[in-house]
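Enquirer: Protein chains in written order, with our numbering: chain U, 1 to 335; chain P, 336 to 670.
Glycine included, C-beta positions come from ideal geometry on N, C-alpha and C.
Structure in structure tokens, see below.
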DNA sequence: CTGTTAGCGCATTCAT
DNA sequence: ATGAATGCGCTAACAG
């Protein structure tokens, strides 16, 4: 391994001089600078970033920890984070938390390999987060309500989103509305469900537990849930599905078995993933501010890093996206 | 910042003992181990991973460099890489190469921050790659034909894939076949086109340049391309689209303007992204071995790292996925 | 089983 | 403008 020492030797200068030359510090004459650069080139010298970071005790990079690096949902979030990070001259690396305590993510959290991090992964424990956060290592939490020193949560108003979705259905004349939810440990899913409940109550519609079915936020989960709903003797006229992926799965199932969307059953999703715009019919859904969330998270990290004051927590709002999978019940009856 | 020294002091042991205890080396008595651990706990000690890496000159992580962290295509690839990496006890971090020479990716390439890397990004120059590769830093190149020492390319047989797709269309009786390609600098796209050409020639079908239109591999590009094709007075009976995303866009356009797929026009795509299975009608396409590619890349990295011999390069094959968007021209004429 | 010590590769202060 | 010397936090060889 060729080090800066080797370069210095070859260029007949001291290490410090080599370092200056390599890093563009202007203390060194053009003459020697070129000598050093050439020596480095000849030896194919690569600097060891860690050593540099160790010395400077600054990594100039932030990490984004996701429970799963793949999935359509994350694309926009990542873009948001990235855009702001590069603005600040920081690097972004993404890693996943599969494996929990032993994951790559854990290493970044506990070993000071980055200057700060943004977490959207529910298999990282609150305890780990609390222990890791410090003035020099701020953490932004996405979709997790945990206020601590040096830790700021950004959540989206899932409950209100669920409320809006359900209210919209009710306004369209539906009062037999099913709910396809997420896994029990999903805080998001739970909040969306509460919004659903609230809308129901407000309109004096009884909640029917047989019409609450739980999926796992995947396309397949949506199919299965749809199947369960379709199998019952009385069928709801509309479904609020807790995320778009499941909604797409449900739509597919209904199409397969000849139940028409929206003529026979209306569907509203949640998230507004890219894909939802391209289905036939186009999915009516609730906009989740993914990009904004990423960008804001990035912003907050840098404020924290700069020692500025920030809000204790942030809440982002949702928005109804009306497309083609919800039909007015009157239209339906006439049809 | 609390260091291992502080911990040692508080526990009344030497640094080495603290290090052993912290790292679970069994040279130390249970008694002292607990003492050290407790001291660490009390001081909220976090180890500096860099310092450790520096000392060990091993990072135990590999990087995956993508030109864009988002996009449906990458999900499966990432899974493949990841699965193998964790098998080997390695961590995986993903970073993107947006920004070219100054990107995060570049840092990882040139600053030895990881033990090896897998690159699927065409804005990283060959030169950079050549300079970075070394026995201690193997590089696996995806979809880029560049054989060098310590650098092994994995490519998919795009040409043959294009050939298969086109031949399939011809066998179904089509001889007016348009091609929607990718950007000019896409090697993949170019190869797929060559396969198309070869199939045409083999069946003595003249290539018509007006039926070659170029998109940018996005959904919108596909829509636009479809529009251009539809606008011509004579219309092809089939289209080979160089990737699924564009095929989806094209299908959407055709549906919008009342051109039926496949009754009026057959479409075959390329990649077999998850989504293509969920369209109506379901997209006929060519399978791109994404997961396998990732897994293989990972494998190769570890072989290289272990100093084993590997093939100079790998070629992965494609497979026709027959679904619903290609119709036999006879059926069509009868219809 | 525990302590002393020598670097890992680099940036940087203080002389010169 | 340049060089010698120091130490960042950690691991591991060696000595006790």
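#1: Can you pull the chain U neighbours of residue 430(P), defined as C-beta to C-beta under 8 Å?
#2: Which residues in the same chain as residue 134(U) place their Cβ atom closer than 7 Å to its Cβ, once the five residues preceding and following it in sequence are excluded?
#3: Is it true that the CB of residue 428(P) sits closer than 9 Å to the CB of residue 104(U)?
#4: With DSSP collapsed to three states, give me the class of residue 266(U).
#5: So, does the CB of residue 278(U) fall closer than 9 Å to a CB anywhere in chain P?
#6: Taking one C-beta from the region 408-422 of chain P and one from the region 370-388 of chain P each time, how about it: are there three or more such pairs within less than 8 Å?
#7: Would you mind giving the Cβ-Cβ distance between residue 662(P) and residue 597(P), rounded to the nearest angstrom? I have them listed as a contact below 8 Å.
#8: Mind checking residue 308(U): buried by the 16 CB within 10 Å criterion, or exposed?
#9: I need the straight-line Cα distance from residue 46(U) to residue 646(P), nearest angstrom please.
#10: What is the residue span of the beta strand (DSSP E) that residue 506(P) lies within?
#11: For a contact defined as C-beta to C-beta under 7 Å, what are the partners of residue 385(P) on chain U?
#12: Taking the straight line between their C-alpha atoms, what separation do you get for residue 17(U) and residue 55(U)?
#13: Can you pull out the residues from the region 228-255 of chain U whose beta carbon lies closer than 8 Å to at least one beta carbon of chain P?
#14: Under a three-way DSSP split, which group does residue 274(U) fall into?
#15: According to DSSP, is residue 481(P) part of a helix, a strand, or is it coil?
#16: Just curious, the alpha helix (DSSP H) that residue 525(P) is in, first and last residue?
#17: Determine which residues share a DSSP beta bridge with residue 94(U) and list them.
#18: Closer than 8 Å is the cut-off here; do at least three beta carbon pairs connect the region 262-281 of chain U with the region 160-180 of chain U?
#19: So residue 582(P) packs on residue 556(P), CB below 8 Å; how close in whole Å?
#20: Tell me the start and end of each unbroken beta strand (DSSP E) in the region 548-581 of chain P that is at least 3 residues and wholly inside, in chain order.
#21: Using a Cβ-Cβ cut-off of less than 7 Å, give me the residues of the region 18-49 of chain U that come near chain P, in sequence order.
#22: Do the region 189-202 of chain U and the region 150-159 of chain U make contact, defined as three or more Cβ pairs closer than 8 Å?
#23: Classify residue 545(P) as buried or exposed, calling it buried when 16 or more other Cβ atoms lie within 10 Å of its own Cβ.
#24: Looking only at DSSP bridge pairs, what is residue 444(P) linked to?
#25: Suppose contacts are defined by Cβ-Cβ distances below 9 Å. Is residue 512(P) in contact with residue 577(P) by that definition?
#26: Any contact between the region 343-360 of chain P and the region 298-307 of chain U? By contact I mean 3 or more CB pairs, one from each, below 8 Å.
#27: For residue 112(U), which of 187(U), 90(U) and 132(U) has the nearest alpha-carbon?
#28: When you compare only the Cα positions, how much space is there between residue 148(U) and residue 455(P)?
#29: From the DSSP output, in three-state form, read off residue 139(U) for me.
#30: What is the DSSP secondary structure of residue 381(U), counted as helix, strand or coil?
#31: Using beta-carbon positions only, say whether residue 162(U) and residue 240(U) come within less than 9 Å of one another.
#32: On a CA-only basis, which of 347(P), 587(P) and 403(P) is nearest residue 561(P)? Give me that one, please.
#33: Show which residues of chain P have a CB atom less than 9 Å away from the CB atom of residue 298(U).
#34: What do you reckon, are the CB atoms on residue 6(U) and residue 43(U) nearer than 9 Å?
#35: Under a Cβ-count criterion, where at least 16 other Cβ atoms within 10 Å of its own Cβ denotes burial, should residue 36(U) be classed as buried or exposed?
#36: Is it a yes or a no for the region 613-631 of chain P touching the region 651-661 of chain P, going by three-plus beta-carbon pairs under 8 Å?
Expert: Let me spell this out:
#1: 91, 92, 93 and 94
#2: 150
#3: yes
#4: strand
#5: yes
#6: no
#7: 4 Å
#8: exposed
#9: 27 Å
#10: Element bounds for residue 506(P): not the beta strand (DSSP E) but the alpha helix (DSSP H), 493-506.
#11: 50, 53, 54 and 113
#12: 17 Å
#13: 248, 252 and 255
#14: helix
#15: coil
#16: 522-537
#17: 64(U) and 429(P)
#18: yes
#19: Not confirmed; about 11 Å, so no contact.
#20: 573-576
#21: 44, 46, 47, 48 and 49
#22: yes
#23: exposed
#24: Beta-bridge pairing links residue 444(P) to no other residue.
#25: no
#26: no
#27: 132(U)
#28: 39 Å
#29: strand
#30: It is not possible to answer for residue 381(U), since the shown part of chain U is limited to 1 through 335.
#31: yes
#32: 587(P)
#33: The contacting residues do not exist; residue 298(U) stays about 14 Å from chain P at best.
#34: yes
#35: buried
#36: yes
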